[in-house]
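In this note's numbering, the protein residues as written are 226 to 507.
As structure tokens, then:
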């Protein structure tokens with residue numbers, strides 16, 4: 226999608242969206258008018274983003290990956306974000322079809338046939354969607370994809386935890402392959418995989434597209450040929466993981482990976498976010 230065109234469309238859509246910051250107490254949850262999805266409030270304030278970890282054992286050489294562990298997640302820093310809402314659950318197949326039918330959208334997920342998703346997966350997260358396909362839904366719903374920072378704060382809360390529920394992982398807490406998962410689950414099926422703001426499946430089920438290009442964090446001295454405007458950032462963990470993805474480092478909420486915007490994967494979906502509209506911004 227042309228970046229200038231996207232910016233204009235996003236501004237128009239968000240100007241229509243209703244939540245406003247007028248000094249009143251904000252609701253902890255709202256229901257989005259267009260797609261009828263429940264959204265949870267992430268209040269304004271600082272949170273801990275990124276990692277201070279280093280891999281002194283050069284694990285990447287042993288497992289055969291190019292990128293050393295943690296290097297693109299540094300430095301750990303406090304980041305301030307204005308308040309925003311984020312979908313409580315990932316966008317489902319049923320919801321994506323409602324969007325496609327409403328606007329006669331024909332660029333459907335790669336695993337759909339005859340205009341429909343696989344039988345029995347109504348409440349499973351939609352997958353096999355590119356960044357542009359995810360953004361098309363978001364714009365229809367008068368929302369956007371969350372930024373990397375918005376996604377990470379919604380998942381970690383303000384206390385720097387490394388999983389939605391805390392700092393220790395117990396088998397069965399999220400839908401990831403290290404626990405034997407081989408397919409998506411209906412959204413919200415793992416009650417422990419819920420963040421401090423009550424957003425579900427931030428640790429498992431599917432990885433999720435974010436709004437941002439893959440770039441170095443401020444203050445980082447790590448350089449990569451992949452930085453720039455060629456790759457979008459994916460966050461979270463997905464069910465279909467193998468090989469080096471079994472490592473603990475890939476389960477942390479500060480982990481980030483990247484993909485080309487036109488790529489799609491069987492373990493990648495998305496959820497939407499929307500900022501609050503402040504007085505004078507409409």
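Glycine included, every Cβ here is placed at the ideal spot set by N, Cα and C.
Within 10 Å of its beta-carbon, does residue i have 16 or more other beta-carbons around it, so buried, or fewer, so exposed?
i	result
residue 499	buried
residue 322	buried
residue 352	buried
residue 489	buried
residue 272	buried
residue 436	buried
residue 476	buried
residue 305	exposed
residue 261	exposed
residue 299	buried
residue 481	buried
residue 345	exposed
residue 329	exposed
residue 483	buried
residue 381	buried
residue 268	exposed
residue 409	buried
residue 334	buried
Using 8 Å for Cβ pairs, my map puts residue i next to residue j. What's the rounded Cβ distance?
i	j	result
residue 315	residue 496	5 Å
residue 414	residue 379	Between residue 379 and residue 414 the Cβ distance is about 19 Å, and since that is not below 8 Å, they are no contact.
residue 310	residue 264	4 Å
residue 347	residue 319	4 Å
residue 336	residue 491	7 Å
According to DSSP, what are the bridge partners of residue i?
i	result
residue 387	Paired residue(s): none; residue 387 is not in a bridge.
residue 309	267 and 500
residue 272	304
residue 425	419
residue 484	457
residue 434	459
residue 412	According to DSSP, residue 412 bridges with nothing at all.
residue 255	264
Compute the minimum distance between the beta carbon of residue i and the heavy atoms of the ligand SAM, and state whether it is under 7 Å.
i	result
residue 311	As far as ligands go, the structure on display features none, and thus does not contain the ligand SAM.
Inspect the beta-carbon positions of residue i and residue j and report whether they are closer than 8 Å.
i	j	result
residue 358	residue 384	no
residue 445	residue 388	no
residue 201	residue 317	Residue coverage of the chain in this structure runs from 226 to 507, which leaves residue 201 outside it and unanswerable.
residue 457	residue 356	yes
residue 377	residue 478	yes
residue 253	residue 266	yes
residue 447	residue 307	no
residue 430	residue 455	no
residue 354	residue 494	yes
residue 313	residue 442	no
residue 363	residue 369	yes
residue 390	residue 417	yes
residue 433	residue 460	yes
residue 367	residue 255	no
Got a sec: is the Cβ-Cβ distance from residue i to anything in chain C below 8 Å?
i	result
residue 390	Annotation note: the requested chain C is absent from the structure, which comprises a single protein chain.
Unbroken beta strand (DSSP E) runs of length 3 or more, entirely within the segment 292–371: which are they? Within the segment 292–371, the beta strand (DSSP E) runs of at least 3 residues that lie entirely inside it are, in chain order, 302–306 and 309–312.
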